[in-house]
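Just so you know, the sequence shown maps onto residues 1 to 202 in the numbering used here. For reference, the structure discussed in these notes is given below.
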Amino acid sequence: MRGLFITLEGVDGAGKSSHTEWLADYFRSQGRTVLLTREPGGTPVGEKLRAIVLHEPMHAETEALIMFAARREHLAQVILPALARGEVVVSDRFTDASFAYQCGGRGLPEARLEILERWVHEATQPDLTLLFDVPDEVARARLAAARSPDRFERESQDFFERVRAAYLRRAERHPERIRVVDGTRSLAEVRATVAAIVGALG
């Protein structure tokens, strides 16, 4: 059975992490082997880079380059081998997050990240991306009750509005891959929607 690559995206506080393990269990119930991973991170090197990018101040271009460096290692060491084994890879964030946060949020030109995307993984794109979408006020309320915020979670409301808008533009450009899920609905309703979407993958 061919491998399947699924990514979950959304602004901080959109609720995507609440569905990651559930999605893995959904595929396991179908007899599939599932690999759960995340970005930035997913490898020993990637986790070290994650700690740097989430907590150390830096130039926006440095931030983007670190993200793609971690992604290259993630692909080589984790994602591509798992897909070659026929596993389902479920990743909390991938390259769409770079376009949303570094381009939308930080204001970097998309053309620069497109170069990095082609260099790092031109031949590998997710089979499906679930974009959990919520208004900024909902995301901020959820984050307020969360753990100590990282460097991204402490950003301004304007920043998150730009990130959300960039995600939605990305979804419009790639409707064959990115499915927008209303994250304001109940947990049961969101999971029913997700089940219907992944069930259509065949």
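Beta carbons: idealized from backbone N, C-alpha and C, even for Gly.
*Counting only the same chain and skipping the five closest in sequence on each side, list residues whose C-beta sits under 8 Å from that of L65.*
L116
*Can you check the region 48-111 for any alpha helix (DSSP H) of at least 4 residues that lies completely inside it and give the ranges in chain order?*
60-74, 80-84, 95-98
*Could you name the residues of the same chain whose beta carbon sits closer than 8 Å to that of T43, not counting the 5 residues immediately before and after it, in chain order?*
A70, E73, H74, Q77, V78
*So is H55 buried or exposed if we call it buried at 16+ other beta carbons inside 10 Å?*
exposed
*Report the three-state DSSP secondary structure of V198 (helix, strand or coil).*
helix
*asked:* In this structure, how does DSSP classify T20 when only helix, strand and coil are distinguished?
replied: helix
*With 16 as the cutoff for other CB atoms within 10 Å, does R151 come out buried or exposed?*
exposed
*Alpha carbon of S17 to alpha carbon of E9, nearest angstrom*: 9 Å
*Cα-Cα separation between V190 and H19, rounded to whole angstroms*: 9 Å
*Measure the C-alpha to C-alpha separation of A200 and E87 and round it to an integer number of angstroms.*
18 Å
*asked:* Taking its Cβ as the centre, do 16 or more other Cβ atoms sit within 10 Å of H121, making it buried, or is it exposed?
replied: buried
*At which residues does the alpha helix (DSSP H) containing R169 begin and terminate?*
157-173
*Since L128 and I6 are thought to touch, with beta carbons under 8 Å apart, how far apart are those beta carbons, to the nearest angstrom?*
5 Å
*From A171 to E137, what distance separates their C-alpha atoms?*
21 Å
*So what does DSSP say about F152, is it helix, strand or coil?*
coil
*asked:* Cutting at 8 Å between CB atoms, please list the residues of its own chain near G15, excluding the five before and the five after it.
replied: F132, V134, R142, G183, V190
*Check D182 in the structure and name its three-state DSSP category.*
strand
_As assigned by DSSP and simplified to three states, the class of V45_ = helix
*What did DSSP end up calling R32 once you bin it into helix, strand or coil?*
coil
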